[in-house]
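Student: Have a look at this one.
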Amino acid sequence: MTDRSRQEERTDDGPLVRVDEFATDSRYRIVHFRGEGRQPLGPEEFEPEIKHRFPDLDPHDPEQVVWADRPWEWPEWHPGEA
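To get this note's numbering, take the position in the sequence shown, counting from 1, and add 2.
Here you go:
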């Protein structure tokens, strides 16, 4: 764990949701929820999970939902793929 990630875990400053970088070897993106840990999520799970954890949060608020890169893009995946 880097010094920066340790610092982010200790503070309540910053965005409520952080989405890790785009990876083509997984159908998911790792999503960090402030104070609640992280979880791999697919596109169909993303907004419902945000609403579950933070009911009043607008998932399109760029100050509270920060994307490492390629906002709102998800790796391509087809049913039946591992």
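Yeah, the Cβ is synthetic: ideal placement off N, Cα and C, and Gly gets one too.
Which residue marks the beginning of the beta strand (DSSP E) containing F48, and which one marks its end?
Tutor: First-last for F48: P45 to R55, but that is the alpha helix (DSSP H), not the beta strand (DSSP E).
Student: Nearest-angstrom Cα distance between P77 and Q41?
Tutor: 16 Å
Student: Tell me the DSSP secondary structure of P77 in three-state form.
Tutor: coil
Student: Are the CB atoms of E51 and L59 nearer to each other than 8 Å?
Tutor: no
Student: Find the nearest neighbour of P19 within the set R55, P45 and R29, judged by alpha-carbon distance.
Tutor: In the sequence on display, residue 19 carries Val and not Pro. Taking only the C-alpha atoms, the option nearest V19 is R55.
Student: Using 10 angstroms around the beta-carbon of H62, count the other beta-carbons present and answer buried if the total reaches 16, otherwise exposed.
Tutor: exposed
Student: Can you check which of these residues, D71, P64, P81 and E75, is closest to E23 by C-alpha distance?
Tutor: D71
Student: Taking the straight line between their C-alpha atoms, what separation do you get for P73 and V67?
Tutor: 10 Å
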